[in-house]
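Mapping to this note's numbering: the sequence shown position 19 is 19, numbers consecutive. Where is the CB? At the ideal position from N, CA and C, for every residue including glycine.
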Amino acid sequence: MDEERQEAPARAAQPPVWIAPRLVSRPKPPVQQEEEMGNEIKLGDDFEDVHALSVSEARAVVTAVHEARKKKDPENNPLRDRIYNDNIIITQFLDYLDNFSRYKQEESLHSIAALFDTHPELTTVEKALLGTLTPDSAEEATTLIPSLAEKMDTDTLQSILDELTKMQDRLR
């Protein structure tokens, strides 16, 4: 009997086998377009057919909406006492717009729009970038906005930049 025990292989206890759950895959996000500010501006599908605003234009729009909401009668407004939102985020946003908008007078914004309307080759994004960045030279403008290099010569671009500089409120 002792021989039988020795001949039979000793069976060690097998550790439990862990089986991973079945993989559930999530839907893959759609492949996004490459966004770039090169010779051709590509900002993705979300920004196609959208009017771009400069910081100064955004300031004018947001300030006008904010002021109009302040004037509304609380009784006729579905938001009741929340006609306008004076929380810290809105206040900081308005401060940001005030600090970084270069054209604060409405007449300046209209003059800039008229100036840009004489150049239909510029896209709204390029107009907004020129109005926000206001580069000093045509070389700087084409470095910051490469698509301008193919659309106009440096003399024309420099004349636009000179006009923009004359209208800046920060210099007054």
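What is the DSSP secondary structure of residue 70, counted as helix, strand or coil? The answer is helix: DSSP assigns residue 70 an H, G or I state.
Given a threshold of 16 other Cβ atoms within 10 Å of its Cβ, counted over all protein chains shown, does residue 143 qualify as buried or as exposed? exposed
Using the C-alpha atoms, what's the distance from residue 29 back to residue 173? Since the first residue of the chain shown is 1 and the last is 172, residue 173 is not available in this structure.
Is it the case that the Cβ atoms of residue 155 and residue 102 are separated by a distance below 8 Å? no
Classify residue 61 as buried or exposed, calling it buried when 16 or more other Cβ atoms lie within 10 Å of its own Cβ. Residue environment analysis places residue 61 among the exposed positions, since fewer than 16 neighbouring C-beta atoms fall within 10 angstroms of its C-beta.
Rounded to the nearest angstrom, what separates residue 100 and residue 107 at their Cα positions? 18 Å
Less than 8 Å between the beta carbons of residue 128 and residue 158, yes or no? With respect to the 8 Å criterion, residue 128 and residue 158 are not classified as neighbours on the basis of their beta carbons.
Just to check my reading of the structure: residue 160 and residue 119 have Cβ atoms closer than 8 Å, yes? What is that Cβ distance to the nearest angstrom? 7 Å
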